[in-house]
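Here the structure is laid out as structure tokens; the discussion comes afterwards.
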Amino acid sequence: MRDAVIAAAVRSPIGRRGGSLAGIHSVDLSASVLNSLAGTAGIDPGIVDDVMWGCVGQSGEQASNIARNAVLSAGWPETVPGTTIERQCGSSQQAIHFAAAAVIAGQSDVVVAGGVENMTRIPLGTARRNGPGDPFSEQLLARYGGTELSQGRGAEILASRHGLTRQWLDELALESHARAAAAQDAGHFEEEIVPIDLGSGHFTQDEGIRRATSAEKLAALNAVFGEDGVMTAGNSSQISDGASAVVVTTSENARRLGLKPLARIHTATVVGDDPVAMLAAPAPATAKALKLAGLSLEDIGTFEVNEAFASVVGAWLRETGADRAVVNPDGGAIALGHPLGGSGARLATTLVHRMVRQGIRYGLQTMCEGGGMANATIYENLRTAS
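All the letters of the sequence shown, read from the start, carry residue numbers 33 to 418 under the working numbering.
Structure below.
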């Protein structure tokens with residue numbers, strides 16, 4: 033029976049809005065990561081059957097099928113196709129799922145899955161603002177009593193539902209920065225990050241980590257979604273630029289190509305949930321993935337739960353009962369940043385490298401998505417698994 037394995041996983045450093053990656057076209061940033069991935073894996077790009085690339089802001093330079101444009105910009109053979117995927121924040125995690133399904137089904141032998149977002153160059157919401165009309169039709173909104181469908185509202189609903197105070201949320205944010213700084217200092221990201229040529233030098237480290245932040249500084253920030261709210265710019269993910277990618281193939285093909293896989297894509301799922309609360313789906317997605325895998329929460333040695341907002345992680349912790357110490361131990365999107373279409377594969381890359389580094393057999397990744405959805409993926413470490 034065919035399986036799906038990750039043979040290599042890399043990412044760019046994550047740039048702050050207006051930071052080091054602001055001058056790089058999204059297509060060329062993607063191309064740089066594609067070429068670094070091929071070099072890391074030691075494969076000829078010509079053997080790639082498809083490139084599945086997540087991107088949320090499909091407007092301007094990120095429009096017109098950025099996956100295909102990235103392949104051509106990278107100088108890969110014209111025979112390599114590409115398709116662009118949009119499942120909101122989980123776009124490149126979904127790309128990994130589609131890639132796994134393709135190789136397991138035998139439709140492809142080698143697929144590159146990943147994604148990009150340069151939110152400096154294509155600001156959040158650009159595609160929605162540039163076209164006529166609203167994506168939420170009157171008929172759709174009437175189903176929910178005309179209630180606003182927004183991630184900010186969803187983040188506040190989760191905080192209220194689970195009794196997450198402003199202090200608790202700020203503490204999680206502070207912890208994210210501290211963990212990310214410690215991970216960076218310890219060299220935990222060195223194997224996964226590939227340098228990006230800026231012309232004047234190379235960009236090599238995530239630049240969103242705020243080492244000098246404090247509880248007092250976070251407490252001084254104003255609420256973003258209403259005066260009585262608890263969500264701030266400090267306890268929410270950063271607007272960022274970045275790209276990430278993995279090579280997905282089968283164990284048999286990996287042996288044939290002389291590759292040493294990092295992990296097996298053990299279980300992959302996606303769920304829908306309430307679009308008003310919008311961000312609550314990671315917990316049911318986790319439960320569904322564990323059930324499909326025949327595993328318990330205790331079998332999972334490490335987790336990546338995207339820190340879109342601190343309340344998302346808080347709600348997931350409350351509903352699952354997971355040990356906070358093994359959730360985002362190297363920091364998350366609050367500290368590292370959240371380049372929308374590139375974040376799913378970034379979390380996967382960080383997760384599988386940590387699993388190999390620490391000898392952890394199973395890891396789980398999940399992230400909330402606009403519209404009330406969430407993907408969940410369980411990976412099995414192939415370098416230590418019995």
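C-beta atoms are modelled at their ideal positions from N, C-alpha and C, and glycine is treated no differently.
- When Cβ pairs closer than 8 Å are counted between the two stretches, the region 348-364 is seen not to touch the region 65-76, the count staying below three.
- In the DSSP annotation of this structure, the continuous segment of the beta strand (DSSP E) that includes glutamate 336 starts and ends at 334-337.
- Isoleucine 297 sits close to alanine 36, with the two beta carbons spaced by under 7 Å.
- Alanine 367 and glycine 240 do touch by the CB rule: their CB atoms are close to 6 Å apart, below 8 Å.
- For glycine 146, the enclosing beta strand (DSSP E) has its first and last residue at 142-150.
- Beyond the five residues adjoining it in sequence on each side, leucine 396 comes within less than 6 Å, by CB distance, of Ile332, Phe335 and Ile410 in the same chain, given in chain order.
- Assignment of aspartate 331 by DSSP, reduced to helix, strand and coil, places it in the helix class.
- In this structure, alanine 319 keeps its C-beta atom at 7 Å or more from the C-beta atom of threonine 299.
- Contact between the region 367-377 and the region 133-153 is established, with three or more Cβ pairs separated by less than 8 Å.
- Per the C-alpha coordinates, the member of Gly78, Ser58, Leu173 and Glu284 positioned closest to valine 308 is Leu173.
- One alpha carbon belongs to glycine 304, the other to glycine 403, and they sit about 8 Å apart.
- By the 16-neighbour rule on beta-carbons within 10 angstroms, threonine 197 is exposed.
- In the DSSP assignment, isoleucine 241 falls outside any alpha helix (DSSP H) and carries neither an H nor an E.
- Threonine 264 is positioned such that its CB atom lies no closer than 7 Å to that of arginine 34.
- When DSSP assignments are scanned along the region 306-376, the uninterrupted stretches of beta strand (DSSP E) that are 3 or more residues long and fall wholly within it turn out to be 334-337.
- Apart from the 5 residues on each side of it in sequence, glycine 184 sits with its Cβ closer than 6 Å to the Cβ of Phe257 in its chain, given in chain order.
- Just so you know, the alpha carbons of leucine 156 and arginine 288 end up roughly 43 Å apart.
- Boundaries of the beta strand (DSSP E) around valine 37: 37-43.
- Nearest to isoleucine 228 by alpha-carbon distance, out of Asp260, Glu222 and Thr236, is Thr236.
- The three-state reading of DSSP puts tryptophan 108 in coil, since its state is none of H, G, I, E or B.
- Straight across, the Cα-Cα distance linking glycine 74 with lysine 292 is about 10 Å.
- Taking the CA atoms as reference points, glutamate 170 sits about 20 Å from alanine 159.
- Counting C-beta pairs with one atom in each stretch, the region 119-133 and the region 57-64 have fewer than three that are closer than 8 Å, which means they do not touch.
- Closest option to valine 280, judged by alpha-carbon separation, among Gly138, Ile46 and Pro167: Gly138.
- Membership of glutamine 139 in any alpha helix (DSSP H) is not indicated, and neither H nor E is assigned to it by DSSP.
- Distance from the Cα of leucine 204 is smallest, within the candidate group Arg161, Cys400, Ala406 and Gly363, for Gly363.
- Short of 6 Å from the beta carbon of serine 276, and not among the five residues preceding or following it, lie these beta carbons of its own chain, in chain order: Arg43, Gly146, Gly374, Ala377, Arg378 and Thr381.
- Under the three-state reduction of DSSP, arginine 185 is assigned to helix.
- Counting other Cβ atoms within 10 Å of its Cβ, serine 246 stays below 16 and is therefore classed as exposed.
- By the Cβ-count criterion, arginine 386 is buried, with 16 or more other Cβ atoms from all chains shown falling within 10 Å of its own Cβ.
- Isoleucine 117 is a Cβ neighbour of glutamine 126, given a cutoff of 7 Å.
- For the region 223-278, the full-length alpha helix (DSSP H) segments reaching 4 residues or more read 247-251 along the chain.
- Under the DSSP assignment, asparagine 285 falls outside any beta strand (DSSP E), being part of the alpha helix (DSSP H) whose first and last residues are 283-289.
- In this structure, alanine 218 lies away from arginine 243, with their beta-carbon atoms at least 7 Å apart.
- Only buried fits glutamate 339, as 16 or more other CB atoms lie within 10 angstroms of its CB.
- Only residues of its own chain outside the window of five on either side were considered, and among them Leu201, Asp202, Ala205 and Ala342 have a CB closer than 6 Å to the CB of asparagine 267, listed in chain order.
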